[in-house]
Each structure stands twice: as structure tokens, then as C-alpha cells.
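A quick write-up on the structure given underneath.
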Amino acid sequence: MNGPKDSDNGYKLVVDGIAKSYKRGKERVPVLDELSLNVRAGEFVTLIGPSGSGKSTLFRLIGGVEKPDGGRVLIDGGDVTGKSGLISYMPQQAALFPWLSVAGNIASALVTAGASKQEAKALAAEWLDRIGLGAFEAEYPHVLSGGMQQRVSFLRALLMKRDLMCLDEPFAALDALTRADMQKWLLELWEADRRSVLFITHSIEEALLLSDRIYVLSAAPARVVREIAVPFARPRRGDVWTDPAFISLKQEVLALLEGRR
Amino acid sequence: MGNKTLRTIGLPVVTLIAFIGLWQLYCNLSGIADYTLPAPSDIAKRMADDRELLWSHFAATLKLSFMGLGLGLLVGAAIAVIIHSVPLFREAVAPLLVISQNIPLIALGALLMIWFGFDLTPKLILLVIVCFFPVTMSMLTGLGQAEPHLREYLGMIGASRWERMKRLEFPASLPYLFTGLKMAATYVVSSATVAEWLGANKGIGYYLQLRFKGFDAAGVFGSIVCIIALSLVFFGIVALLERFIIRWRPSSRGEWKAVSK
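Top line first, the protein sequences correspond to chains A and B.
For what it's worth, the numbering used here labels the leading residue of the first sequence as 826, then goes sequentially.
For what it's worth, the numbering used here labels the leading residue of the second sequence as 610, then goes sequentially.
Printed below as a string of C-alpha cells:
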């Protein structure tokens, strides 16, 4: 695993003035409008914005699946615009391969990220044990519940030797109880390891509970409306939501999302 | 299992036995000449008399069909992968594949005999032409049907084209491939028989021709019985293989054990 390593400017990821539009019929519809943001090494940064505000497009640009119309993506100070294979990724649907065992799903992703087969296998087995899914190692993913599938998917992203983890609404499809459970679980795992994370969510509570910083985005074309540093100490307490500061921040973000400010 | 399996296997068998019984009854009662319509008992007797000869021909056709089906599978899968991977090839060749199936088997067989003589080569080529088509077509469908969110995941983590083929598209195409292979397995034996009819000194097709020339209806029926038996064997082998290889699909009952949490 990559420990947080300091680069020249301390930024793991810099998104610099990125613009992207799509053609819909004859019209060009702008999705991202000179969007800039950054993630420091070991920082948990969340993007929150109305649906359809181009957050997933931004992820595709960072992942190098698409090229921006303008602007740059820098990782560790180097220009990697349009280059893939530098991030690990956890989508909303677990995206586990149905024909691979649970351990095989993790191991094959690690091999893609450059690990040897043996190394990948050993690491997958070790961590599945650690998160209490050791018994399901050899099972196919379909026997797992939605929450367990997302745990495997997160573990897969966590173990890949990549600089940045991009999590795209990973808990959106889960029920409220499972979701709360998963947030706590992710927080524990992440705080023990402090990888650089870029996280997308629709849930203000989730953003405040997990992140160091939050970017609030506007509706499309997406711009950063406000950058909020989340003041709560790490390791974060599970009952942080009872803090008055939490409630006032929540109201502030809500007002921004509703366009009241 | 149990009751339902008994029905699905038992009922057709009962129908078949009833049909044969009626056939036997009709022949016995109507006094129809056995060179016009032999009774099942006549056919059985002819097969028993010819059993050594029949067995050697049966084995020859079995071998020929097996080689043809195996080679057809390899060629068909290879063509599907190439067509899927090379867009130019797809546009240039795919529409023409249908033509290969429009040429009557006997015309094609005759040509192949003229070019390659009467030994194994022309027969194998004929069988490959028959078998590759359903394999290619069904596998092509499967290769294009791979889950979009798995495709997106592999793109985001920077998997290469080869990895995408190996880890996603090929395994996703296997259930489709087996549908095509089952069709090929159904055709292969009768096609082998046609090839043998056209020019051979062994095989059920040769035996059929021999009996036909002697106006031996019971012998002709005997070859039909052999051809059906062979076809069922091949279909059974493919079905077994499918069950053995595609194990990741949740079976329709029982397997959905709810794992809580």
C-alpha cells in the first residue's frame, strides 16, 4: 500500500480549470465549467452537488477514460490529463465480476495494478479475513448481500497500489441502516491507513462525517460554489452529528445546494 | 430436483415408447411390407445382426463428428474474437459469414471432395463450416453484451484491451457460446453423415448409402437410430460441459441463501 507521500506541492491531485461539454443533438451542453479542485496527500475530500451536476464526468476525466475540452489533471505534480491506470475506483454498483470468486475479484484488480499473482492472492486472503469476510473468500459474489459486496468493492479499491482512490457514491444503493454501518466501517479502515480519497455523495451527513474538506458544486455546468474545511477531529467520533457545528454546517451546505446563497 | 426432473425426462420417454408401440402395432395389424415400412422389431433385428459392422461405422462417425465439432468450436470462437476486436474486420467480413451457410451442404461437400480427395480433410472442412457459424454468431452477441458497469470499472482502473477481453468480455460470452455450441452439436452428426455419404468407406453415412442401395429400409432406419443416438451424445456432452464451466450463475432454486448483514 502507498503511504501518504509528500510531493512538491503536497497535492496528490490537482484538477486545474477543467472544462467539458457534450453534444446533444446540435447543441453543445457544457457539463464542467473551468472546475478546479485539489486533494492533498492523505486527505479525504468530498464532492457534493445536485444530481446531474457532472460529478461522474469529472471522475471519468480524472480516471483518463475521457479527455477534457480544456484544463489539466495533475497527480503528484505531473500532468496526467487523459492518462488512465493511476487511480483506484469504487463505483455505486459493486461491479464485481460474477465469474470470479470474492478473493479472485480483489486479486485480479491488484494484478491489473501491477502486483504479482501470488502477492495479490495473499493480500486478498489476508484482508478478507481482517474485515470478517474470510469465510466467503471462495464464494461467488452473488451469495453476498449488497453491503458485503460494497465492502469487497471498497477493499479492492483500497488494496490497489494507486495514488488516489475515487469513490463514486459507493453507498447510494444501500438501505439506511447498512449505509450507516458502512460509513463507520469505511471511516475506521481509512483512518488506519490515510489514503488520498476523492469521494462523491448526495448525502450531506455522509460528507460531513467522512471528509476533511468538502467541495459544494453547482448544478450543470458544474463550478465550485464553496470549499468547506470540516473542523471535526480525527479519529472522528460516530456521534459527531450531535455536535452543534455539524448541524450548522449541514444547514449551510443545504442552503448552498438549494441555491439560497 | 426429484419430481420435476422425473417429469421433464420421464414424459418424453413415455411419449416415445407409446409412439414406437403404435408403430409396431400398426405394422403387425396392417400387414404392410417390411421393405416399405419395417416394424420397430425388424429394425432392432437388423441392428442386432449388423452390430459389429454398425459399431465400427458408429465409431468412425463419432470420431469424425468429435473432431469437426472441436475444430469448429476453436475456429468459431477465434473468428468471433477477431471480428469483435477488429472493427474493420467486423464491417468487412461479418455480413458475409451468412453466405457460408447458404451454400447447400452437398454442393459444398462435392467441391471439397474435388479439391481435397476423399480422406479426412474435406470432411473436416465441411464440418468446420457447419459448426463455426452458430458458435461465432452466439459468441459475438455475448462479447458485446458484457455489463456496461463492469466495462466502465475496467476503464476507470486503466485495464488494457487484452485485460478487458480476458477478464470481462470472454467470460461474459461463455453462456452465449454454449447456446451456439449446442446448436452446432445438434447439426454436426447429420452433417458428418452427409459428408460420408458423398465419399467415404466408413461411417454411418457410408452404411446408410450401402443399405439405401440395397433397398433395405430396416437398415436405413437403423442408421437413423445411430445418428439420433450420436446427436444426443454430443448434445449431452455439451450440456454437461456447460454445467461444469458456468458455475457462477445462481441456480434457480436454493442458491439464493440470504446472507444477512
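Just so you know, even glycine gets a beta-carbon here, dropped at the ideal spot from N, CA and C.
#1: Which same chain residues end up closer than 8 Å to residue 839 of chain B when comparing Cβ atoms and leaving out the 5 residues on each side of it in sequence?
#2: With DSSP as the reference, please indicate the residues paired to residue 990 of chain A in a beta bridge.
#3: What number of angstroms, rounded off, separates the C-alpha of residue 752 of chain B from the C-alpha of residue 780 of chain B?
#4: Nearest chain A C-beta to residue 762 of chain B closer than 8 Å, yes or no?
#5: Applying the 10 Å Cβ sphere with the 16-neighbour rule, what's the burial state of residue 644 of chain B?
#6: Using beta-carbon positions only, say whether residue 783 of chain B and residue 846 of chain B come within less than 8 Å of one another.
#7: By the three-class DSSP mapping on this structure, what secondary structure does residue 856 of chain B have?
#8: Shorter than 8 Å from the beta carbon of residue 990 of chain A to some beta carbon of chain B?
#9: By DSSP's criteria, residue 871 of chain A is part of a beta bridge. Which residues make up the other side?
#10: Can you confirm whether residue 967 of chain A, when its beta carbon is compared against all beta carbons of chain B, has any partner nearer than 8 Å?
#11: To the nearest angstrom, report how far apart residue 663 of chain B and residue 648 of chain B are at their CA atoms.
#12: Just the Cα atoms here: how many angstroms apart are residue 828 of chain A and residue 836 of chain A?
#13: Counting C-beta neighbours from all protein chains within 10 Å, is the total for residue 830 of chain A 16 or more, i.e. buried, or is it exposed?
#14: Out of B:770, B:617, B:718 and B:651, point me to the one whose CA is closest to residue 633 of chain B's CA.
#15: Under the assumption that residue 898 of chain A contacts residue 905 of chain A (Cβ atoms under 8 Å), give the Cβ distance between them as a whole number of angstroms.
#16: Specify the secondary structure class of residue 858 of chain A as computed by DSSP and reduced to three states.
#17: Just curious, the beta strand (DSSP E) that residue 658 of chain B is in, first and last residue?
#18: Can residue 714 of chain B and residue 793 of chain B be called in contact, C-beta distance under 8 Å?
#19: My assumption, with CB atoms under 8 Å, is that residue 763 of chain B sits in contact with residue 772 of chain B. Please give the rounded CB distance.
#20: What's the C-alpha gap between residue 994 of chain A and residue 885 of chain A?
#21: Is it the case that the Cβ atoms of residue 737 of chain B and residue 680 of chain B are separated by a distance below 8 Å?
#22: Under a Cβ-count criterion, where at least 16 other Cβ atoms within 10 Å of its own Cβ denotes burial, should residue 887 of chain B be classed as buried or exposed?
#23: Can you find a CB in chain B that lies within less than 8 Å of the CB of residue 918 of chain A?
#24: Taking only the alpha-carbon atoms, compute the straight-line gap between residue 870 of chain B and residue 838 of chain A and give it to the nearest angstrom.
#25: Go through its chain and collect everything with a Cβ distance to residue 843 of chain A's Cβ below 8 Å, but skip five positions before and after it.
#26: Kindly identify the DSSP beta-bridge partner or partners of residue 1122 of chain A.
#27: Report yes or no: do the segment 960-978 of chain A and the segment 913-929 of chain A share at least 3 C-beta pairs separated by less than 8 Å?
#28: May I ask which residues mark the beginning and end of the beta strand (DSSP E) holding residue 899 of chain A?
#29: Leaving out five residues on either side along the sequence, give the residues of the same chain with a beta carbon under 6 Å from the beta carbon of residue 826 of chain A.
#30: Taking Cβ positions only, does residue 898 of chain A come closer than 8 Å to chain B?
#31: Alpha carbon to alpha carbon, how far is residue 1053 of chain A from residue 1078 of chain A? Give it in angstroms, no decimals.
#32: So, for residue 709 of chain B: in the same chain, excluding its five sequence neighbours on each side, which residues have a beta-carbon less than 7 Å away from its beta-carbon?
#33: Taking 8 Å as the CB-CB cut-off, is residue 934 of chain A touching chain B?
#34: Specify the secondary structure class of residue 951 of chain A as computed by DSSP and reduced to three states.
#35: In the segment 754-803 of chain B, which residue ranges form an unbroken beta strand (DSSP E) of at least 3 residues, counting only runs that do not cross its ends?
This is what the structure gives:
#1: 667, 670, 671, 674, 798 and 813
#2: A:913 and A:1022
#3: 9 Å
#4: yes
#5: exposed
#6: no
#7: coil
#8: no
#9: A:1024 and A:1039
#10: yes
#11: 19 Å
#12: Because residue 828 of chain A carries a pLDDT of 40, less than 50, the predicted location of this residue cannot be relied on, and the following value inherits that uncertainty. Cα to Cα, the separation comes out at about 14 Å.
#13: Low per-residue confidence applies at residue 830 of chain A: pLDDT is 42, beneath 50, and the placement is therefore not dependable, though the value from the model is reported in the following sentence. When all chains shown are included, residue 830 of chain A counts as exposed.
#14: B:651
#15: 6 Å
#16: strand
#17: Where residue 658 of chain B is concerned, there is no enclosing beta strand (DSSP E), although the alpha helix (DSSP H) it sits in stretches over 649-658.
#18: no
#19: 7 Å
#20: 14 Å
#21: yes
#22: The question about residue 887 of chain B has no answer here: the residues shown for chain B are numbered 610 through 870.
#23: yes
#24: In this predicted model, residue 870 of chain B has a pLDDT of only 36, less than 50, meaning its place in the structure is not dependable; the value taken from the coordinates is given anyway. For residue 870 of chain B and residue 838 of chain A, the distance between alpha carbons rounds to 35 Å.
#25: 857, 859, 860, 861, 883, 886, 893, 895, 896, 897 and 898
#26: Nothing about residue 1122 of chain A can be reported from this structure: the residues present for chain A run from 826 to 1086 only.
#27: yes
#28: 895-900
#29: For residue 826 of chain A, the pLDDT reaches just 40, beneath the cut-off of 50, and the residue's location in the model is therefore unreliable, although a value from the coordinates is still provided. The answer is none, since no qualifying residue turns up.
#30: no
#31: 9 Å
#32: 738 and 742
#33: yes
#34: helix
#35: none
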